[in-house]
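Enquirer: Below you will find the structure I want to go over with you.
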Amino acid sequence: MDMHNCRLCPRECGTDRYTDTGFCGCRADIRAAKAYLHMWEEPCISGTRGSGTVFFSGCNLKCCFCQNYQISHETRGKEITESRLAEIFLELQKQGAHNINLVSPTPYVPQITAALDMCREKLNIPIVYNTGGYEKVDTLKLLEGYIDVYLPDFKYFDDNLGKKYSGADNYFETVTDALREMYRQTGPCRIADGIIRRGTIIRHLALPSHRDDSVRILEWIAENLPRDGVLVSLMSQYTPFYKSYEHKEISRRISTFEYNYVLDKAVSLGLRGFMQERSSAKEEYTPDFDLSGI
Ligand code: SF4
Numbered sequence: 034m035d036m037h038n039c040r041l042c043p044r045e046c047g048t049d050r051y052t053d054t055g056f057c058g059c060r061a062d063i064r065a066a067k068a069y070l071h072m073w074e075e076p077c078i079s080g081t082r083g084s085g086t087v088f089f090s091g092c093n094l095k096c097c098f099c100q101n102y103q104i105s106h107e108t109r110g111k112e113i114t115e116s117r118l119a120e121i122f123l124e125l126q127k128q129g130a131h132n133i134n135l136v137s138p139t140p141y142v143p144q145i146t147a148a149l150d151m152c153r154e155k156l157n158i159p160i161v162y163n164t165g166g167y168e169k170v171d172t173l174k175l176l177e178g179y180i181d182v183y184l185p186d187f188k189y190f191d192d193n194l195g196k197k198y199s200g201a202d203n204y205f206e207t208v209t210d211a212l213r214e215m216y217r218q219t220g221p222c223r224i225a226d227g228i229i230r231r232g233t234i235i236r237h238l239a240l241p242s243h244r245d246d247s248v249r250i251l252e253w254i255a256e257n258l259p260r261d262g263v264l265v266s267l268m269s270q271y272t273p274f275y276k277s278y279e280h281k282e283i284s285r286r287i288s289t290f291e292y293n294y295v296l297d298k299a300v301s302l303g304l305r306g307f308m309q310e311r312s313s314a315k316e317e318y319t320p321d322f323d324l325s326g327i
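The numbering used here puts the first residue of the sequence shown at 34, with every later residue one more than the last.
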């Protein structure tokens, strides 16, 4: 991939990342904000010892409610080399991580695969690709053989919402093409001793005022992907962070009625996966970013 003319993600902004930052805020060097054992992911990701999570700085989506906006929008973090990233992966494994969890990795796919090549003989835990779902299929193909578990968001069915809240054109077609490619690569979810080894887990964060959009997402998954092959993680933790207050309809938390409405639909469609306790819809679960582990 040519960092002089970056077309890694669906933005295809063509930025020369050696001299400038792309829409995602990223330059050619890897920038990361935190690496640590994360205990608050889905049970089959965090397990008992935690998920070895690396938060990359920058993002190709600009969600107005992003809870990690200091990292994703303001690119807070530190520049590291590919060999340092490989060391971080091995350090997390040594600390007992069940997996390596790459958060917002899209702008750094070539650098990440280079780092994985450096340590793949010593690294024997699954690699998780944790993404907002706005991915190009050609870029995902570069990851075949590197990624064991895809953990994409499916945020919106209605493209108008993708544009309004995340600044993304054509979100629905982009994310659904990406989901099909992810599932093609991983096949059905395989869980052993409570920990996922391979597969695709689709996350959906239910938004206030948009329960019908959530239902359409669940229906699409049920109709287009094997119900017994993918897992769905239905999240209730939406909190009106950052610029969400600019949109009145999402400037509150989701109600119990709204969440249960969406959850009931997931159950009636026969989808398998995870739900989130409503009590976790609190700001204190937002990770604190202090560059530790980088
Ligand atoms: S990854 Fe960043 S620089 Fe590359 S096309 Fe996407 S937004 Fe532009």
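Heads up, the beta-carbon is just placed ideally off N, CA and C, and yes, glycines get one too.
Just so it is clear, the structure is predicted and the values come from calculations on it, not from any experiment.
Using only CA atoms, which one of D210, T139 and E74 lies nearest to M34?
Expert: Comparing Cα positions, the closest option is T139.
Enquirer: Indicate whether L156 and P185 have their beta-carbon atoms separated by less than 8 Å.
Expert: No; because the gap between Cβ atoms is not below 8 Å, this pair is not in contact.
Enquirer: Check A65 in the structure and name its three-state DSSP category.
Expert: Strand at A65.
Enquirer: Go through the residues and name those whose CB comes closer than 5 Å to any heavy atom of the ligand SF4, in chain order.
Expert: Checking every Cβ against the heavy atoms of the ligand SF4 under 5 Å gives C39, L41, C42, R44, C46, T48, G55, F56, C57, N93 and P140.
Enquirer: Going by alpha carbons, who is nearest to E115 out of A147, I133, Y183 and Q126?
Expert: Ranking the options by Cα distance to E115, first place goes to A147.
Enquirer: Can you list, in chain order, the residues of its chain whose CB lies under 6 Å from that of F307, leaving out five sequence neighbours each side?
Expert: For F307, where only same-chain residues beyond five positions count, the Cβ hits under 6 Å are E75 and S266.
Enquirer: Report the CB separation of Y275 from F98 in whole angstroms; it is logged as a contact under 8 Å.
Expert: Yes, Y275 and F98 are in contact; Cβ-Cβ is about 6 Å, under 8 Å.
Enquirer: How close, in whole Å, do the beta carbons of I121 and V182 come, if the pair is a contact with beta carbons under 8 Å?
Expert: Rounded, the Cβ-Cβ distance is 18 Å, inconsistent with contact.
Enquirer: Reducing DSSP to helix, strand and coil, say where F290 ends up.
Expert: Note: F290 maps to helix in three-state DSSP.
Enquirer: Compute the beta-carbon to beta-carbon distance between Y271 and R286, rounded to the nearest angstrom, for a pair I have assumed lies under 8 Å.
Expert: Between R286 and Y271 the Cβ distance is about 6 Å, and since that is below 8 Å, they are a contact.
Enquirer: Pop quiz: C39 and T48 are said to be a contact at Cβ under 8 Å. What is the actual Cβ separation, rounded to whole angstroms?
Expert: Sure, about 5 Å apart at Cβ, within 8 Å.
Enquirer: Would you kindly check if the distance between the Cβ of K298 and the Cβ of L251 is under 8 Å?
Expert: Yes, the Cβ-Cβ distance between L251 and K298 is below 8 Å.
Enquirer: Could you tell me the boundaries of the alpha helix (DSSP H) in which N257 lies?
Expert: N257 -> alpha helix (DSSP H) spans R244 to N257.
Enquirer: Leaving out five residues on either side along the sequence, give the residues of the same chain with a beta carbon under 6 Å from the beta carbon of G129.
Expert: R82.
Enquirer: Work out the CA separation of G165 and E124 for me, nearest whole Å.
Expert: Their backbone Cα atoms lie some 26 Å apart in a straight line.
Enquirer: Could you check the C-alpha separation between Y162 and R223 for me, to the nearest Å?
Expert: About 16 Å.
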